[in-house]
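The block underneath contains the structure these notes are about, expressed in structure tokens.
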Amino acid sequence: MAGTSLAQASVVERPMLFGKYCLLERVSVGGMAEIFRAKPFNAPESQKHLALKRILPHLAEDDEFVQMFIDEAKLTVQLIHPNIVRTYELGRFHTSPYILMEFISGQDILELQRKLREQRRIMSVAMCCYIAREIATGLDYVHAKNDENGDPLNIIHRDISPQNVLVTYGGKVKIIDFGIAKGTFQETRTQVGVLKGKFGYMSPEQVRGEAIDHRSDLFSVGILLWEMLTNRRLFRGDNEYETLQMVRDPDIAPPSQKNSQIPPEVDRIVAKALAADANERFQSGRELAAALDSFLMSLNPPYGAENLSQWMADMFSEPLAAERQKRQFFRRIRTPDDVRRLAREAEGEDTRPDEDAPTSEHQALWAADISPEENVDVDRFASEHTVVAAGGFDAAQFAAEAEEDVIALDVDDIIEIEGDNSGLETVDLDRGVAVANDETMALSRSDALSSAEFASHGTPKSIPNPSSVRRKRRKKKYLAAAAVLMLLLAGGATLYLWVNRPQGPAPEAKAAPAPQKPATLVISVSPPTGVRITVDGTEKGTSSPVTVPNLEPGVHTLVIEHPHYKSHEQKIELGSGGFESLDIELEPNAQGAR
1 MAGTSLAQAS
11 VVERPMLFGK
21 YCLLERVSVG
31 GMAEIFRAKP
41 FNAPESQKHL
51 ALKRILPHLA
61 EDDEFVQMFI
71 DEAKLTVQLI
81 HPNIVRTYEL
91 GRFHTSPYIL
101 MEFISGQDIL
111 ELQRKLREQR
121 RIMSVAMCCY
131 IAREIATGLD
141 YVHAKNDENG
151 DPLNIIHRDI
161 SPQNVLVTYG
171 GKVKIIDFGI
181 AKGTFQETRT
191 QVGVLKGKFG
201 YMSPEQVRGE
211 AIDHRSDLFS
221 VGILLWEMLT
231 NRRLFRGDNE
241 YETLQMVRDP
251 DIAPPSQKNS
261 QIPPEVDRIV
271 AKALAADANE
281 RFQSGRELAA
291 ALDSFLMSLN
301 PPYGAENLSQ
311 WMADMFSEPL
321 AAERQKRQFF
331 RRIRTPDDVR
341 RLAREAEGED
351 TRPDEDAPTS
361 EHQALWAADI
371 SPEENVDVDR
381 FASEHTVVAA
391 GGFDAAQFAA
401 EAEEDVIALD
411 VDDIIEIEGD
421 NSGLETVDLD
431 RGVAVANDET
441 MALSRSDALS
451 SAEFASHGTP
461 KSIPNPSSVR
471 RKRRKKKYLA
481 AAAVLMLLLA
491 GGATLYLWVN
501 RPQGPAPEAK
511 AAPAPQKPAT
521 LVISVSPPTG
531 VRITVDGTEK
541 GTSSPVTVPN
551 LEPGVHTLVI
561 EHPHYKSHEQ
571 KIELGSGGFE
581 SLDIELEPNA
591 QGAR
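To convert, note that position 457 of the sequence shown is 457 in the UniProt record's numbering; the numbers rise steadily by one, no gaps.
Below, the structure written as structure tokens:
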């Protein structure tokens, strides 16, 4: 599509550079992290994309949030299965921890259900059973996963829900978001009795606060299957308490009472998956998948990925066309100079080359939220991009991936040092070892980075004087400080950290006042719907809860309005980097709430 503009491509934000990656657009943002569509500049195929999940800046120094982020990456980097979204890298650029994952072109089950309700339609029984079979297959792999010593990891996802299962336009089913998964890999621990997950998708034992095992996830799959077959919520009370009571003591009607197309065999599968007693359920994901597979194979013709792919293409023809248009536009971005040009184009500036502009080397090292100033030492700035865990990606596989599937990153592409190779590190992925002709230090699995270490500023242990560094296309002599890899490489991972030998004292930093950091406000209101929530006169949401990030430190005015309740107004003072959570119950007006 020649001449495609930034606006025509429906890009949410202008492309930005984040170390060695280009952030093409922000896909989503939640209370803890934001996810970008990204691409590496070393990619052999310019259409292939990655998902870069970055912890929100105001939480990057919170040990608990960072440790949860690390736990998720330490787990998912080990999981390599067609039904699990692949994680390639855990790292940090400047002060931003991030996880690099495959990018999924598709929709979650929640969106599938919403689209069907719009059209007053329902999924076919075969489609529902196929999706559930794929989820069960992926969970069986997760539940049976062992560490490199052969010891079980005892992973429980704990958040199998419509939002956390994606269906690609190519007909594949992927489980995502292991953010609250439980297992022996964790540094953080959840106490017995503490609920984690979405109430309407928990198991009875989980709601009762009892110890749970992998069969709790299978109950959640049963809920998803029942809901897909009926396109209704199974456990939905008028409030959270009622929902929890419904899950605690489940009274579940066969889905065929809501959908007459469901055969008795599928009713039996659903009933067993949703047994209140875990001992009466399917005892493994493999057992559940086998039961569903038996039904699918009895169909003539059998239902498979091709059928699901065709359904997705028909149902989501407009989003699929928009995705293709975006990919066509993003193909224009091959170098950091392209990002610079597109930024000027989006802002209506002159896009002609500027002889006084920084070189492409400087442009390649911008961060998404911090760019090096004109006279900042670029090599020192680059040294703050550190990969601390890698997933052992095969470069040949990268080039062979289908367009609708997720794209990987060649983990060999660590910081390159040309010219004087007195500190160059190379990695042999087959043997999982690193070789350096300077100083190499091996860390065992038990030496994994702590949350405090991970959140700390990633500067190298020694940095040469900037005046001794010469730039690109002469004798490029990069001072790459903290180079990289490999924690938890599947099949026996060890982190090798290379530290460059000192070549001169680092210049003393002048003391400067600490910069003010943005604050976050989380507002929960009762009643949760029908409200209008404004902060400083700007509407932030019409239902509860609402997360308001990136607020300047200081005093803010919160106003909550509801047609049947009295308005609520209050002042909130937020400190630098503060995180404030408010629970507000509105008072009925004189006529009373309806």
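Even for Gly, the Cβ is constructed at its ideal location relative to N, Cα and C. Please read all numbers here as calculations on a predicted model, not as lab measurements.
Next on the checklist: Would V522 and I560 be called neighbours here (beta carbons separated by less than 8 Å)?
Outcome noted: For the purposes of this step, residue 522 is identified with residue 522 of the sequence shown, where counting begins at 1. For the purposes of this step, residue 560 is identified with residue 560 of the sequence shown, where counting begins at 1. Not a contact, by the Cβ cut-off of 8 Å.
Next on the checklist: Would residue 603 and K198 qualify as a contact pair, given that the criterion is a beta-carbon distance under 8 Å?
Outcome noted: Residue 603 is absent from the structure shown; the chain starts at 1 and stops at 594.
Checklist entry - From the DSSP output, which residues share a beta bridge with H556? => result For this step, residue 556 is matched to residue 556 along the sequence shown. Looking at the DSSP assignment, H556 forms a beta bridge with I572.
Checklist entry - How many Å lie between S371 and Y130 at the Cα? => result The sequence position of residue 371 within the sequence shown is 371, counting from 1. The sequence position of residue 130 within the sequence shown is 130, counting from 1. Caution applies to S371, whose pLDDT of 39 falls short of 50 and renders its modelled position unreliable; the value that the coordinates give is listed next. Their backbone Cα atoms lie some 47 Å apart in a straight line.
Next on the checklist: Using CA atoms only, rank isn't needed, just tell me which of H568, I109 and E580 is closest to E552.
Outcome noted: Start at 1 with the first residue of the sequence shown, and residue 552 comes out as number 552. Nearest of H568, I109 and E580 to E552, Cα basis: E580.
Checklist entry - If we ignore side chains and look at the alpha-carbon of each, how far apart do G575 and T542 end up? => result Counting from 1 along the sequence shown, the entry for residue 575 is found at position 575. Counting from 1 along the sequence shown, the entry for residue 542 is found at position 542. The alpha-carbon atoms of G575 and T542 are separated by roughly 26 Å.
Checklist entry - Taking the beta strand (DSSP E) that G222 falls in, what are its first and last residues? => result Start at 1 with the first residue of the sequence shown, and residue 222 comes out as number 222. Taken as a continuous stretch (DSSP letters only), G222 belongs to no beta strand (DSSP E), being part of the alpha helix (DSSP H) at R215 to T230.
Checklist entry - Any chance the region 141 to 159 sits against the region 60 to 68, with 3 or more Cβ pairs inside 8 Å? => result No, the region 141 to 159 is not in contact with the region 60 to 68.
Checklist entry - Looking only at C-alpha atoms, which of A278, K571 and K566 sits nearest to E585? => result In the sequence shown, residue 585 corresponds to position 585, counting from 1. Checked all of A278, K571 and K566; the closest Cα to E585 is K566.
Checklist entry - If you run the structure through DSSP and keep just helix, strand and coil, what is L424? => result Indexing the sequence shown from 1 puts residue 424 at position 424. Bear in mind that a pLDDT of 26 at L424, under 50, signals an unreliable position, so the model cannot answer this.
Item to check | Rounded separation between A313 and L320 - CA only | outcome: The residue given as residue 313 occupies position 313 in the sequence shown. The residue given as residue 320 occupies position 320 in the sequence shown. If you take the alpha carbons of A313 and L320, they lie about 7 Å apart.
Item to check | N164, DSSP secondary structure in three states | outcome: Here residue 164 refers to the residue found at position 164 of the sequence shown. Secondary structure of N164 (DSSP, three-state): helix.
Next on the checklist: What does the alpha-carbon distance come out to for the pair F295 and A271?
Outcome noted: Here residue 295 corresponds to residue number 295 of the sequence shown, with the count starting at 1. Here residue 271 corresponds to residue number 271 of the sequence shown, with the count starting at 1. C-alpha separation (whole angstroms): 15 Å.
Next on the checklist: Just to confirm before moving on: does the CB-CB distance between K145 and I155 stay below 8 Å?
Outcome noted: Mapped onto the sequence shown, residue 145 falls at position 145. Mapped onto the sequence shown, residue 155 falls at position 155. Contact flag set, yes.
Next on the checklist: For R26, report the span of its beta strand (DSSP E) as first-last.
Outcome noted: The residue you call residue 26 lines up with position 26 of the sequence shown. Where R26 is concerned, the enclosing beta strand (DSSP E) stretches over Y21 to V29.
Item to check | Contact under 8 Å by Cβ, P518 with N550 | outcome: The residue given as residue 518 occupies position 518 in the sequence shown. The residue given as residue 550 occupies position 550 in the sequence shown. Yes, these two residues count as a Cβ contact at 8 Å.
Next on the checklist: Less than 7 Å separating the Cβ of I175 from some heavy atom of the ligand ATP?
Outcome noted: With respect to small molecules bound, the structure shown includes none, and the ligand ATP cannot be examined in it.
Checklist entry - If you run the structure through DSSP and keep just helix, strand and coil, what is I533? => result Here residue 533 is taken as the residue at index 533 of the sequence shown, counted from 1. Note: I533 maps to strand in three-state DSSP.
Next on the checklist: Using the Cβ count rule (16 or more neighbours within 10 Å means buried), how would you classify G537?
Outcome noted: As a working mapping, residue 537 is identified with position 537 in the sequence shown. G537 comes out exposed.
Item to check | Touching by the beta-carbon criterion (3+ pairs, under 8 Å), the region 80 to 87 and the region 30 to 43 | outcome: With a cut-off of 8 Å, the region 30 to 43 and the region 80 to 87 do not count as touching, because too few Cβ pairs lie within range.
Item to check | Three CB pairs or more closer than 8 Å across the region 257 to 273 and the region 103 to 121 | outcome: By the Cβ criterion, the region 257 to 273 is not in contact with the region 103 to 121, since fewer than three pairs of Cβ atoms, one from each stretch, lie closer than 8 Å.
Checklist entry - How is the beta strand (DSSP E) around K540 delimited, first residue to last? => result Within the sequence shown, the letter at position 540 stands for residue 540. Unbroken beta strand (DSSP E) run through K540: T538 to S543.
Checklist entry - Whose C-alpha, out of S161, Y98, P588 and K571, is nearest the C-alpha of L582? => result Taking the first residue of the sequence shown as 1, we reach residue 582 at position 582. Nearest Cα to L582 within the set S161, Y98, P588 and K571: K571.
Next on the checklist: Can you list, in chain order, the residues of its chain with a C-beta nearer than 6 Å to that of Q163? Leave out the 5 residues immediately preceding and following it.
Outcome noted: Within the sequence shown, numbered from 1, the residue matching residue 163 stands at position 163. For Q163, where only same-chain residues beyond five positions count, the Cβ hits under 6 Å are D108 and L110.
Checklist entry - From this set, T520, I533, E134 and E102, which residue's C-alpha is nearest Y303's C-alpha? => result Taking the sequence shown and counting its residues from 1, one reaches residue 303 at position 303. Of the candidates T520, I533, E134 and E102, the one whose C-alpha sits nearest the C-alpha of Y303 is E134.
Next on the checklist: Using only CA atoms, which one of L56, M101 and M127 lies nearest to L50?
Outcome noted: Against the sequence shown, residue 50 aligns to sequence position 50. When the alpha-carbon of L50 is set against those of L56, M101 and M127, the nearest one is in M101.
Next on the checklist: Using 8 Å for Cβ pairs, my map puts Y241 next to S220. What's the rounded Cβ distance?
Outcome noted: For this step, residue 241 is matched to residue 241 along the sequence shown. For this step, residue 220 is matched to residue 220 along the sequence shown. The C-beta separation of Y241 from S220 comes to about 20 Å, leaving the pair out of contact by the 8 Å criterion.
Checklist entry - G554: buried (16+ other C-beta within 10 angstroms of its C-beta) or exposed? => result For this step, residue 554 is matched to residue 554 along the sequence shown. By the neighbour-count rule (16 or more Cβ atoms within 10 Å), G554 is not buried but exposed.
Item to check | Every unbroken alpha helix (DSSP H) within the region 68 to 140, with a cutoff of 4 residues, ordered by chain | outcome: Runs of the alpha helix (DSSP H) inside the region 68 to 140: 109 to 118.
Checklist entry - Does the Cβ-Cβ distance between V125 and L308 come in under 8 Å? => result Counted from its first residue, the sequence shown places residue 125 at position 125. Counted from its first residue, the sequence shown places residue 308 at position 308. Not in contact: V125 and L308 (Cβ atoms no closer than 8 Å).
Item to check | Rounded separation between E205 and I252 - CA only | outcome: The residue labelled residue 205 in the question sits at position 205 within the sequence shown. The residue labelled residue 252 in the question sits at position 252 within the sequence shown. Linking E205 to I252 through their CA atoms gives a straight-line distance of about 16 Å.
Checklist entry - So what does DSSP say about L253, is it helix, strand or coil? => result Taking the sequence shown and counting its residues from 1, the one referred to as residue 253 is at position 253. Before going on, a small fix: residue 253 reads as Ala here, not Leu. In the displayed model, A253 falls within coil according to three-state DSSP, outside both helix and strand.
Item to check | CA-to-CA distance, G19 to S96, given in whole angstroms | outcome: In the sequence shown, residue 96 corresponds to position 96, counting from 1. In the sequence shown, residue 19 corresponds to position 19, counting from 1. The alpha-carbon atoms of S96 and G19 are separated by roughly 11 Å.
Checklist entry - Would you say I135 faces chain D, with C-beta separation under 8 Å as the test? => result Absent from the structure is chain D; it holds one protein chain and no more.
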